[in-house]
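This report concerns only the one structure given below.
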Amino acid sequence: MGAQLRVYRRRIKSVQATKKITKAMELIASARIVRAQNQLNASLPYLTQLVDAVSAAASHASDVSKHPLTAKSVNSSRAAILVITADRGLAGAYSSNSIKEAEALTRNLTEKGMKAVPYVVGRKGVAFYRFRNRPMGGTYVGFSDQPTYAHAKEIGEDLLKAFMTPSEVGGVDEIHVVYTNFTNMAVQQTRVRRILPLEVVEEVVEKNAEGGSTLPFPLYEFEPGPEEVLDALLPRYIDQMVYLSLLNSAASEHAARRRAMKSATDNAEDLVHALTRAANAARQAEITQEISEIVGGADALTA
Amino acid sequence: MSGPLEVAVVSAERSIWSGSAKSVVAKTPEGDVGIMRGHEPMLALLVEAPLRIELEDGSKILVAVHGGFFSVDSDKVNVIAESAELAQDIDIDRAKAALSRAQSLVESEDLSAIRRAEARIQVASA
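Line by line, the protein sequences are chains H and A. The working numbering numbers the first residue of the first sequence as 1 and each following residue consecutively. The working numbering numbers the first residue of the second sequence as 1001 and each following residue consecutively.
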């Protein structure tokens, strides 16, 4: 066998082996998207109930805007950014999109005279900040593809602790989350959301048929009291926001990985195709050469 | 005011149980509260304790709830907890281990860990 042909065959084999791996990763990612989506949907009833309860408690509590979690600091000097990235690569631009968005937000905050402190989820993001020697408020790795509520709670508690600490002694005045929203299989967008201080939206009081106004919520009896209920619910709300961001990001990560692996598989297929053509041409050239050598040899003998 | 209570138990990760029931007994920071149909609207915090749901046929379901609240409104009871477990989902050996671990931390400030483990064991062994 000619040297050229051997090289082609070797490359075809190697590309086919790679293709098997990317194909397997594509299938695994597809299966995990479905699971992540189910997890996302399963967490929605809790969120709706929680939001309803928070709004109800807030509308009964004496002065919501004075609550430490909703009160806006007069001059904010430090802000935390929770950046959600992947633990592993091979997911296209998923992690770098998140980081890019976080960097844009950092610039934005710096212009406003604030110092941004990154809290990073996922090894890719941690590697980015560590390589640049930039201090991080917290790092959370090892669960970016399968987050659980316990993880979200851990992050939520850290963020809340930082928020309750005065910014002069290392606390923060604002908390933003950079996550990737999972709209559907084809569309995922990087988004920024501010989770603290909370925006208190005054509910529009609807008029009922008789023309009188009704409260948007039933007149709940609060146990122990509206303020205590609100105090207990707001940290849960933060945890839940973090959890939702993690779930959305996990689903997006799988979708991004599936897309990246699909195009890798397609590329491998094209490459095998092109290499097979080239190998065939090389084999044919070899045969042609052998024939012409034989004919040449026979001619030399008869002449 | 007719028909049974509609009860839904939801944890942060998934929906645990839903169906109609005769009554619900829950423990709030101020004591046990029993809810039957026609109860006034209420929003209360829960402490770590078993939640008792009595079904229409008289049988009972126990749920171990940790860190949550419930709301009652027009005969609908929504129990929302950070974590909630039915008896069959509880690993009793693990709960017992957690209890002894929590108790071994003498004078531990974390009483909720003890209460949580106790609630689990109560639910699982009922």
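Beta carbons: idealized from backbone N, C-alpha and C, even for Gly.
Would you decide whether residue i is buried or exposed? Buried here means 16 or more other CB atoms lie within 10 Å of its CB.
i: Phe-978(A); result: The structure shown does not extend to residue 978(A), since chain A spans only 1001 to 1126, so no value can be given for it.
i: Glu-210(H); result: A caution first: Glu-210(H) carries a pLDDT of 43, below 50, which makes its placement in the model unreliable, though a value can still be read off. Flag for Glu-210(H) reads exposed.
i: Arg-194(H); result: exposed
i: Leu-44(H); result: exposed
i: Glu-1056(A); result: exposed
i: Val-956(A); result: Chain A is shown only over 1001 to 1126; residue 956(A) falls outside these bounds and no answer can be derived.
i: Lys-1027(A); result: buried
i: Val-204(H); result: In this prediction, Val-204(H) scores a pLDDT of 42, lower than 50, which makes its location untrustworthy; the coordinate-derived value is nonetheless stated afterwards. Exposed, because fewer than 16 other Cβ atoms sit within 10 Å of the Cβ of Val-204(H).
i: Thr-214(H); result: Unreliable positioning characterises Thr-214(H) in this predicted model, as indicated by a pLDDT of 46, which lies under 50. A coordinate reading is not provided.
i: Phe-131(H); result: exposed
i: Asp-1093(A); result: exposed
i: Ala-102(H); result: buried
i: Ala-86(H); result: buried
Is the beta carbon of residue i sitting closer than 7 Å to the one on residue j?
i: Ala-279(H); j: Tyr-8(H); result: yes
i: Ala-152(H); j: Val-117(H); result: no
i: Asn-181(H); j: Asn-108(H); result: no
i: Ala-1124(A); j: Ile-1080(A); result: no
i: Ala-1132(A); j: Ala-1119(A); result: The shown model of chain A, from 1001 to 1126, leaves out residue 1132(A), and the question about it has no answer.
i: Leu-82(H); j: Val-192(H); result: no
i: Gly-1068(A); j: Glu-1054(A); result: no
i: Gly-61(H); j: Glu-228(H); result: One detail in the question is off: residue 61(H) reads as Ala in this sequence, not Gly. Against a cut-off of 7 Å, the Cβ pair of Glu-228(H) and Ala-61(H) comes out as no contact.
i: Thr-265(H); j: Lys-19(H); result: yes
i: Pro-1029(A); j: Leu-1045(A); result: yes
i: Ser-98(H); j: Thr-190(H); result: yes
i: Ala-162(H); j: Val-169(H); result: no
i: Lys-1076(A); j: Glu-1006(A); result: yes
i: Ser-167(H); j: Ser-59(H); result: no
i: Leu-275(H); j: Ile-12(H); result: yes
i: Thr-148(H); j: Val-120(H); result: no
i: Leu-230(H); j: Ala-53(H); result: no
If distances are taken between C-alpha atoms only, which option among the options comes closest to residue i?
i: Ser-1074(A); options: Asp-270(H), Asn-41(H), Ala-300(H) and Leu-219(H); result: Leu-219(H)
i: Arg-1115(A); options: Ala-1064(A), Leu-1086(A), Asp-1093(A) and Asp-1089(A); result: Ala-1064(A)
i: Ala-1084(A); options: Ala-1049(A), Glu-1054(A) and Glu-1030(A); result: Ala-1049(A)
i: Pro-197(H); options: Ala-256(H), Gly-137(H), Asn-41(H) and Leu-234(H); result: Leu-234(H)
i: Ala-1087(A); options: Arg-1101(A), Lys-1096(A), Gln-1122(A) and Glu-1054(A); result: Gln-1122(A)
i: Val-1072(A); options: Gly-1058(A), Val-1047(A), Met-1042(A) and Pro-1004(A); result: Met-1042(A)
i: Arg-236(H); options: Gly-125(H), Glu-154(H) and Arg-6(H); result: Glu-154(H)
i: Val-178(H); options: Val-169(H), Gly-122(H) and Ala-150(H); result: Gly-122(H)
i: Glu-976(A); options: Val-242(H), Glu-168(H) and Gly-296(H); result: Residue 976(A) lies beyond the residue range present for chain A, which begins at 1001 and ends at 1126; the question has no answer from this structure.
i: Met-261(H); options: Ser-30(H), Arg-10(H), Ser-14(H) and Gln-4(H); result: Ser-30(H)
i: Arg-259(H); options: Ile-33(H), Ser-96(H) and Arg-10(H); result: Ile-33(H)
i: Ser-245(H); options: Thr-183(H), Glu-26(H) and His-67(H); result: Thr-183(H)
i: Gly-156(H); options: Phe-128(H), Asp-52(H) and Ile-238(H); result: Ile-238(H)
i: Gly-142(H); options: Ala-250(H), Arg-11(H) and Lys-23(H); result: Ala-250(H)
i: Lys-124(H); options: Ser-59(H), Ser-144(H), Gly-113(H) and Lys-112(H); result: Ser-144(H)
i: Ser-1020(A); options: Ala-1113(A), Gly-1058(A) and His-1066(A); result: Gly-1058(A)
i: Leu-40(H); options: Ser-1011(A), Ala-1102(A), Lys-1096(A) and Lys-1022(A); result: Ser-1011(A)
Does residue i have its Cβ less than 7 Å from a Cβ in chain D?
i: Glu-157(H); result: Considering every chain present, this structure includes no chain D. Its protein chains are H and A.
Would you please state the rounded distance, in angstroms, between the beta carbons of residue i and residue j? I believe it to be under 8 Å.
i: Val-272(H); j: Gln-16(H); result: 6 Å
i: Gln-188(H); j: Leu-47(H); result: Wrong, their Cβ atoms sit about 19 Å apart, outside the cutoff.
i: Tyr-94(H); j: Ser-252(H); result: 7 Å
i: Gly-92(H); j: Glu-286(H); result: About 41 Å separates the two Cβ atoms, so there is no contact after all.
Looking at chain A, which residues of the region 228-251 of chain H have a Cβ within less than 8 Å of any of its Cβ atoms? Glu-228, Val-229, Ala-232, Leu-233, Arg-236, Asp-239, Gln-240 and Tyr-243
Listed from N- to C-terminal order along the chain, which residues in the region 1003-1019 of chain A have their beta-carbon within a distance smaller than 9 Å of any beta-carbon of chain H? Flagged, chain order: Ala-1008, Val-1010, Ser-1011, Ala-1012, Glu-1013, Arg-1014 and Ser-1015.
At a Cβ cut of 8 Å, what residues of the region 1034-1047 of chain A count as close to chain H, listed as they run along the chain? Listed in sequence order: Glu-1040, Pro-1041, Met-1042, Leu-1043, Ala-1044 and Leu-1045.
The region 103-131 of chain H: positions lying closer than 7 Å to chain A by Cβ: none
Of the residues that make up the region 1063-1076 of chain A, which ones have a beta carbon closer than 7 Å to any beta carbon in chain H? Phe-1069, Ser-1071 and Asp-1073
Note down, in chain order, all residues in the region 47-59 of chain H with a beta-carbon under 7 Å from any beta-carbon belonging to chain A. Gln-49, Leu-50, Ala-53, Ala-56 and Ala-57
Below 8 Å between beta carbons is the criterion; list the residues of the region 248-282 of chain H that meet it against any residue of chain A, in chain order. Against chain A - using a Cβ distance shorter than 8 Å - the region 248-282 of chain H contributes no residues.
Contacting positions in the region 1087-1098 of chain A - beta carbon closer than 8 Å to chain H: none
Selection of the region 166-183 of chain H by Cβ proximity to chain A, strictly under 9 Å: none
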